Structure formats: C-alpha cells, structure tokens
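Here's the structure, in structure tokens; my notes come after.
There are 2 protein chains.
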Amino acid sequence: MKRDSAVDGVVVEPLRVIEDERGAVLHMLREDSPQFTRFGEIYFSEVRPGAIKAWKRHLRMTQRISVPIGRVKFVIYDNRPASPSNGAIMEIVMGSPDAYSLLIIPPLLWYGFQGLSDSAALVANCADLAHDAQEVERQPDLDNTISYNW
Amino acid sequence: MKRDSAVDGVVVEPLRVIEDERGAVLHMLREDSPQFTRFGEIYFSEVRPGAIKAWKRHLRMTQRISVPIGRVKFVIYDNRPASPSNGAIMEIVMGSPDAYSLLIIPPLLWYGFQGLSDSAALVANCADLAHDAQEVERQPDLDNTISYNW
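Just so you know, the sequences run in chain order A and B.
Our numbering runs 436 ahead of the 1-based position in the first sequence.
Our numbering runs 436 ahead of the 1-based position in the second sequence.
Here is the structure:
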C-alpha cells in the first residue's frame, strides 16, 4: 500500500471512503494501523480557496494528515543534510473522495499547503505529539530560498 | 468547563477556534486533556443537508465528537435501566465556529444525528476503541419506540 515518494520518509497511503447516500464515512487512523505509533493530538486547519499556509517544520512531531473536505496541495521540502533526498521538493494534492489519503510527514521536513477548492477545505492532523511551540519552526519566506512558486 | 447535560455521563465542552484570515485552526483533543483516556480510532462521517444517521449505540466504545464543518443536531436517548436520567432525550446542535464543542457520549446510550447546514457537514469522532462491528447495535426505527420526530 505504501507508494514511492520523492522525499525519504514521507508516506502517502490511500484511505477508505465508504459511500452512503446520507453522507460518506471516511477512515483516517486506527490504533492497530501500521502507521500508528502514539496519539498526541487531533486538530483541524481550515484552508480558504487559494490561501497558503507555509512554511513550517517540526523538530520532533510526526504529522499524520488527511483532507476529508475539499482539495489541498501539500508541498514538502527536504533540506536534511544526511537525507538521501536532500534538496527534493515533493507536491501532493489530496481530497475526498477521489484522492482521499493519509500523508505522513516526519520531523525536520519543511512543508506548507494551499487550498485548491471553491470553498474552504479541511486538513485533519492526528499528530504523535501534542502542540508545543518549542518544537515548531516557521519561515514564511522559504519560497525565495528554494525558488518555489505556489 | 463541563456543562450540565440532560443525560447522565454526557459531556459537552466548548473547544477553541483560532481565527486566521487563511482559515481557522480548530482544536479537538490532546493526550493531556482531562477528556482523553486512550486512542482507538479517528474517522469522519459526512452528513448531507437534512440527512439523518440514526439510531445506534455502542456497548463498550466512548464517542468523542466534534463538528469542524457545517451544523449537525445530535439526539441522545437514555434507556439504561440504572441511569438517574433513564428515559431522557437530549438534543444538542454543534458546528464551527460559534458552536464548536467536544461531545462525549458514553457506551450504552442510543444516539443519532442530522445535517442542518446547506452543504454537507462533517462529524469527526476520536473514539477510545477502534471500530468493531460486534459492539455496535443499530435500530433505525427507534423513533417510533421513543416518539421522536426529527
């Protein structure tokens, strides 16, 4: 089930959507999943059409992300010195129902995301640690450093 | 923070919404929250406008629910023989941003929900057990038994 990805350690895995005329049920993460390690926090981030939330990286936290509403583009940049994919930039578009996946971003990778749908999209993150401002770094102008155009 | 509720053991607690012009951040549950016990599964249930998903109850699982998109009415019916609120029916309307809350439904309570918004709403459930068909009971016609009109 694990797809190849351009950035070492990043996992993208299709998630199940169970259709129902009243509204679908969307899986995300179970305690017995191979992708589960420990529970830190579940929270949501709305992304308005065209809006960009970038760039940040976590020093210790692993992100486990899905997009249950709307469509979002994620961009991941690897500048870990010892990484086999050092310098790589990975793009992935996710959303329900046709591109509903679990995206796992290990610590130390820079990432950001942009809303691509007509109305607000929703990013869910079931991270392995609870939010701690001490382990987050933000760099809004990383676009210039890596020449990335949203 | 714990509000009174009509059904014994049910908790409704306001959750934080951090506004941002690019899209809000919505808290749900952290490992250090008093409401957290253990992680079983996180999944989502879409609810189309007017659609009703009812009734079910869990024999062992506790539901920890929020509504990060749209508006949903939950109805909880208590027929636990030894409950101080035996016979009670509780209604609660939840949604982001003005009524964004955590709803905790202990096992053995019948519940259902209905979409109240113009477009599909999203129910998130961070339950203390992973889905197990053996511990779920469904009774679509409970409305007649308890005379509840959606």
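Built from N, CA and C at the ideal position, the CB exists for glycine as well.
Quick caveat: nothing in here was measured; it's all calculated off a predicted structure.
- A direct Cα-Cα distance of roughly 45 Å separates G459 (chain B) from P517 (chain B).
- Rounded to whole angstroms, the Cβ separation of L451 (chain B) and Y536 (chain B) is 5 Å, and the two are in contact under 8 Å.
- Counting along the chain, the unbroken beta strand (DSSP E) around L538 (chain B) starts and ends at 537-541.
- In the structure shown, N585 (chain A) falls within a coil segment according to DSSP collapsed to helix, strand and coil.
- Nearest CB-CB separation between Y479 (chain B) and chain A: below the 8 Å threshold.
- Our two residues, I512 (chain B) and V483 (chain A), have alpha carbons roughly 32 Å apart in a direct line.
- The three-state reading of DSSP puts N515 (chain A) in coil, since its state is none of H, G, I, E or B.
- At a cut-off of 8 Å between beta-carbon atoms, I512 (chain A) makes no contact with chain B.
- Contact annotation for H494 (chain B) against chain A: no contact, minimum CB-CB distance about 15 Å [criterion: below 7 Å].
- For chain B, the residues of the stretch 448-481 of chain A that bring a beta carbon within less than 7 Å of one of its beta carbons are R458, G459, A460, V461, L462, H463, M464, L465, R466, E467, D468, F475, G476, E477, I478, Y479, F480, S481, in chain order.
- Straight-line measurement puts the Cα of I582 (chain B) at about 41 Å from the Cα of D554 (chain A).
- Going by beta carbons, G531 (chain B) and R507 (chain B) fall inside the 8 Å limit.
- Listed in chain order, the beta strand (DSSP E) elements of length 3 or more contained wholly in the stretch 525-580 of chain A are 525-531, 537-541, 546-551, 557-563, 572-574.
- Interface with chain A (8 Å Cβ-Cβ cutoff): V483 (chain B) is included.
- The Cβ atoms of L539 (chain B) and I525 (chain B) do not sit closer than 8 Å to each other.
- DSSP, reduced to helix, strand and coil, places R496 (chain A) outside both helices and strands of the structure shown, so it counts as coil.
- The Cβ neighbour count for G551 (chain B), taken over all protein chains shown within 10 Å, is at least 16; the residue is labelled buried.
- Cβ proximity to chain A below 9 Å picks out G551, S555, A556, A557, L558, V559, A560, C562, L565, A566 from the stretch 539-566 of chain B.
- Here P520 (chain A) carries a coil assignment [DSSP, helix/strand/coil].
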